[in-house]
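Position in the sequence shown (first residue = 1) + 10 = this note's numbering.
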Amino acid sequence: MIFKNLSEKDIFLDVVTKGKPSALSKIASNIAQRIEADDRTVLRALWERENGGATGIGRGIAVPHAVLDSISNPVASFTRLAAPVDFGSADGDPVDLVFTLLWPRSAAAKFLPTLAQLCRMLRAPRIREGLRLAQSADEVITILEGDPRAIDWPVPEGAGISVSLR
C-alpha cells in the first residue's frame with residue numbers, strides 16, 4: 011500500500027487554503043517540488059481528473075489523482091487541510107483529509123487496485139480520526155502503518171464510510 015510508505019516529506023499538516031482550487035494548487039506545488047517536476051503539469055493533471063468527476067469520497071476525504079506519462083514510479087502525499095473545503099463529495103461533507111496519487115501510465119493497471127485498497131483502509135473510523143488528531147508527520151506515519159485497532163483515540167458515534175469508485 012503506497013500510503014503506508016510515506017515519508018515525512020510527503021505529509022503536509024494544517025495547510026491553509028481558500029477552497030478546492032487553492033488546495034489543489036498547494037498540493038500540486040508540494041508534490042512537484044518533492045519529485046522535481048513542473049507544478050503546472052501536476053496541477054493540470056489533477057484538474058483534468060477533477061473535471062471528469064469530483065474526487066471527494068465522503069466522510070471528509072478526497073483522493074485527487076492523475077495518471078502521467080512523465081513519471082516512472084507512483085507518487086503519493088497526504089495533506090490535512092486547516093479548514094475543510096468543498097470537494098464535491100456525494101455525502102456533501104467538506105474535505106479536510108486529502109490523499110493524492112500520481113501514477114505512471116506504464117503501470118496504470120495497478121492503479122485501481124491501489125485506490126480501492128486506500129478506500130478500504132479509510133473505512134476504519136479510528137484511522138480517519140487519528141489523522142485528524144495527529145500532531146506530527148511521525149504520528150501520521152504511525153497511523154498509516156499501524157493496525158487501526160491499536161490506535162487509542164475516541165471514535166465518534168456512527169463514524170463509518172461508504173465508498174464507491176466511479
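Note that beta-carbon positions come from the ideal geometry of N, C-alpha and C, so glycine has one too.
Between Leu132, Arg115, Gly29 and Thr27, which has its C-alpha nearest Leu78's C-alpha? Position 68 of the sequence shown, counted from the start, is the residue given in the question as residue 78. It is Arg115.
Give me the Cα-Cα distance between Thr27 and Asp101, rounded to the nearest whole angstrom. In the sequence shown, the residue the question calls residue 27 occupies position 17. In the sequence shown, the residue the question calls residue 101 occupies position 91. Roughly 21 Å between the two C-alpha positions.
Roughly how many angstroms separate the alpha carbons of Ser39 and Ile81, rounded to a whole number? Position 29 of the sequence shown, counted from the start, is the residue given in the question as residue 39. Position 71 of the sequence shown, counted from the start, is the residue given in the question as residue 81. Distance between the alpha carbons of Ser39 and Ile81 is about 16 Å.
Range covered by the beta strand (DSSP E) that runs through Gly66: Here residue 66 is taken as the residue at index 56 of the sequence shown, counted from 1. Start and end: Gly66 to Gly68.
Continuous beta strand (DSSP E) assignments of at least 3 residues falling wholly in the stretch 47-104: 66-68, 75-78 and 85-95
Cα separation between Ser35 and Leu112? By one-based count along the sequence shown, residue 35 stands at place 25. By one-based count along the sequence shown, residue 112 stands at place 102. About 14 Å.
Among Phe13, Ala72, Arg50 and Gln43, whose alpha-carbon lies nearest the alpha-carbon of Val105? In the sequence shown, the residue the question calls residue 105 occupies position 95. Nearest of Phe13, Ala72, Arg50 and Gln43 to Val105, Cα basis: Ala72.
How far does the alpha helix (DSSP H) with Leu34 in it extend, from its first residue to its last? Here the question's residue 34 lines up with position 24 in the sequence shown. It spans Lys30 to Ile45 - the alpha helix (DSSP H) in which Leu34 sits, taken as one unbroken run.
Best match in Pro31, Phe88, Thr89 and Phe97 for proximity to Gly63 [C-alpha to C-alpha]: Start at 1 with the first residue of the sequence shown, and residue 63 comes out as number 53. If we check each option's Cα against that of Gly63, Phe97 comes out closest.
List the DSSP bridge partners of Ile21. The sequence position of residue 21 within the sequence shown is 11, counting from 1. Paired residues: Phe88.
Does the Cβ-Cβ distance between Gly66 and Ser99 come in under 8 Å? The sequence position of residue 66 within the sequence shown is 56, counting from 1. The sequence position of residue 99 within the sequence shown is 89, counting from 1. For Gly66 and Ser99, yes; Cβs fall inside 8 Å.
Those residues which DSSP pairs with Pro135 across a bridge: Working through the sequence shown from its first residue, we reach residue 135 at position 125. Looking at the DSSP assignment, Pro135 forms no beta bridge with any residue, so it has no partner.
Using the DSSP secondary-structure output, state which residues sit across from Thr110 in a beta bridge. Within the sequence shown, residue 110 is the residue found at index 100, counting from 1. DSSP lists Ser87 as partners of Thr110.
Should Asp148 be labelled buried (16 or more other beta-carbon atoms within 10 Å of its own) or exposed? Indexing the sequence shown from 1 puts residue 148 at position 138. So Asp148 ends up on the exposed side.
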